[in-house]
Amino acid sequence: MKKSIVSVLLLAITFGFFGKSKAQEKDSLYEARKLKIDEINFVSGYYTQEGEHSSIGGGKGDEALTNISNSIQVRLLKNSQKYEHRLDVAVAVDHHTSASTKLINNVPDGSPTNIYSGKISAKTAASSGTSGVTGASSKFVGWRIYPSINYFAKNLERNTTYGIGAYYSREFDYQSIGGELSFVKASQDNNAEFSVKAMAFFDQRLEILPVELRPVNTGVNNKKADDDEDEHEGGDDNYKLWNKNSYSVNFAYSQIINPRLQVSLLADFAFQDGLLSIPYNRVYFTNNTVSSEKLPMQRMKIPLGMRLNYFLGETFIFRTYYRYFFDDWGIKAHTAQLEIPIKISPFVSLSPFYRYHHQTSNDYFKPYGQHNPGEKYYSSDYDLSSFNSQNIGLNLHYLPLESKLFKSVDFRYSFYKRSEGLSAHNLTFAITFK
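Rendered as structure tokens:
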């Protein structure tokens, strides 16, 4: 229902702005430009990682994962006398395979057989069968599709831009519907700009527990193993549903100090409530029992950042970024990045970059087998642990100036390494058509 309301609203706004009558156009001496395709963006990515701290295995086990993603975005433009209208329509598809997902339906080798009675929470947000998420793939191989639509109207006289957007994402155990509103105000000389964006996402997740934690023959999560006669590996696809809501407000202010220096200040405020733990993540306790991950059902996150760009002649640009992050789960983090685009020719530029990140541990994280059974919250997901990480890479940017088809082509590679052992390679190819 939420998805339908958002879709109708966006269609009404789109036709309202793009479908002005001929009478209105005749009343103006300005000849409005027709709706046209401004550009088409295609992005393809390949990501692979290795590690030894699988959260599904309780903080131990193979973290090998491969993800292939493809997205396409079409940008439409139309000008009227006072407004510039832009409509971005995009769709993306990801496919990933993970070594640890097989552990959802199989007990890890050497795992304790005792089960801890702790539950994820005292209540559920919905019962099975009441939402669009109705059933999980028995193979647990992840496909994700996420379309989006964004509309922007820029007032050319006031130099202000209003925006509205809608998002949808679907995986085998997860569904998300979201929307955003944005406002941008630039100075008349375009040397300063202030922007604010508010976003809200309404997610639902199936409560898919590890196989040994599923109640037997209770109607919900009702198969401890494959003890029925159907073709599903993990039993019937009747699972409880949980809601997760995310809200954020993002502020940004940028200022051109002089022809060589530009500074931006960034501040985000985010709040989440609902099921914030992942049901099929295991946690092992000191008394050789096992349970599902349990985290608080609310979280506040505040990142504060700054960007500084310095133009050194026509050849070099120094792009710097710093962010401080903290939340009410105990994580504090510092992130710093340096990227140096180097103009090789009028057609080609190379941009080496380096990113460093340090964070403290979440209050509820402990490694495999170190949680006490009496703890209220517990997780062995190393994304919530204390670690340092480094990301280094290179971006190749090509401008085919004489091409009638291509506007730009980019190749980007990065290598990521965390102090706790996780490493990853990421390769991205992006092309923009005129």
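The sequence shown lines up with residues -23 to -1, 1 to 411 when you count with mature numbering (1 follows the signal peptide of the UniProt record, and there is no 0). Built from N, CA and C at the ideal position, the CB exists for glycine as well. Please read these numbers as outputs of a predicted model, since none were measured by experiment.
Proximity to Gly296 [Cα-Cα], best of Leu64, Ile308, Met283, Asn132:
Reading the sequence as shown, one finds Arg at residue 296 and not Gly. Of the candidates Leu64, Ile308, Met283, Asn132, the one whose C-alpha sits nearest the C-alpha of Arg296 is Met283.
Distance check for Gly290 and Leu242, CA to CA, integer angstroms please.
Distance between the alpha carbons of Leu242 and Gly290 is about 24 Å.
Can you tell me where the beta strand (DSSP E) with Pro187 in it begins and where it stops?
Looking at the DSSP string, Pro187 is not in any beta strand (DSSP E), and its letter there is neither H nor E.
If you follow the beta strand (DSSP E) that Pro280 is part of, which residue opens it and which one closes it?
275 to 289
Range covered by the beta strand (DSSP E) that runs through Lys132:
Sequence inspection shows Asn at residue 132; the Lys mentioned does not correspond to that position. Boundaries of the beta strand (DSSP E) around Asn132: 125 to 132.
C-beta contact flag for Phe19 and Thr409 at 9 Å
Going by C-beta atoms, Phe19 is nearer than 9 Å to Thr409.
Can you give the beta carbon distance from Ile321 to Leu315, rounded, assuming they're within the 8 Å contact cut?
19 Å between Cβ atoms; not a contact.
Look at the Cβ atom of Gly28, then the Cβ atom of Glu16, and state whether they are nearer than 9 Å.
no
If we count Cβ pairs, one from each stretch, closer than 8 Å, do we get three or more for the segment 244 to 258 versus the segment 216 to 233?
yes
Below 8 Å, can you find three or more Cβ-Cβ pairs linking the segment 50 to 60 to the segment 153 to 161?
no
Would you call Gln181 buried or exposed, if buried means 16 or more other Cβ atoms sit within 10 Å of its Cβ?
buried
For Thr312 versus His348, is the C-beta spacing smaller than 9 Å?
no
Whole runs of the beta strand (DSSP E) within the segment 298 to 340, excluding any shorter than 3 residues
The qualifying runs are 309 to 316, 325 to 336.
Entirely enclosed beta strand (DSSP E) segments - the segment 227 to 280, minimum 3 residues:
238 to 251, 259 to 261, 266 to 269
Looking at Pro85 and Gly35, is the spacing between their C-beta atoms short of 9 Å?
yes
Using the Cβ count rule (16 or more neighbours within 10 Å means buried), how would you classify Met274?
buried
CB-CB under 8 Å to Tyr257, same chain, minus the five flanking residues each way: which ones, in chain order?
Answer for Tyr257: Ile33, Ile81, Ile185, Leu186, Pro187, Ser269, listed in chain order.
Is Ala169 buried or exposed, if buried means 16 or more other CB atoms sit within 10 Å of its CB?
Ala169 comes out exposed.
Beta-carbon spacing of Lys353, Leu382 below 9 Å
no
According to the Cβ coordinates, are Asp150 and Leu190 closer than 9 Å?
no
Alpha carbon to alpha carbon, how far is Pro192 from Glu148?
Their Cα atoms are separated by approximately 24 Å.
If we ignore side chains and look at the alpha-carbon of each, how far apart do Gly142 and Ile126 end up?
6 Å
Out of curiosity, what's the CA-to-CA distance linking Asn136 and Glu61?
10 Å
Contact under 9 Å by Cβ, Gln336 with Phe293:
no
Residues in its own chain within less than 7 Å of Lys(-21) by CB, not counting five upstream and five downstream?
Unreliable positioning characterises Lys(-21) in this predicted model, as indicated by a pLDDT of 42, which lies under 50. A coordinate reading is not provided.
Specify the secondary structure class of Tyr139 as computed by DSSP and reduced to three states.
strand
Between the CA atoms of Gln26 and Ala401 - distance to the nearest angstrom:
4 Å
Check Thr409 in the structure and name its three-state DSSP category.
strand
Nearest-angstrom Cβ-Cβ length linking Leu376 and Asp387, presumed shorter than 8 Å
Contact flag wrong, Cβ pair sits at about 10 Å.
Residues that Gln152 bridges to, as DSSP identifies them:
Arg147, Gln181
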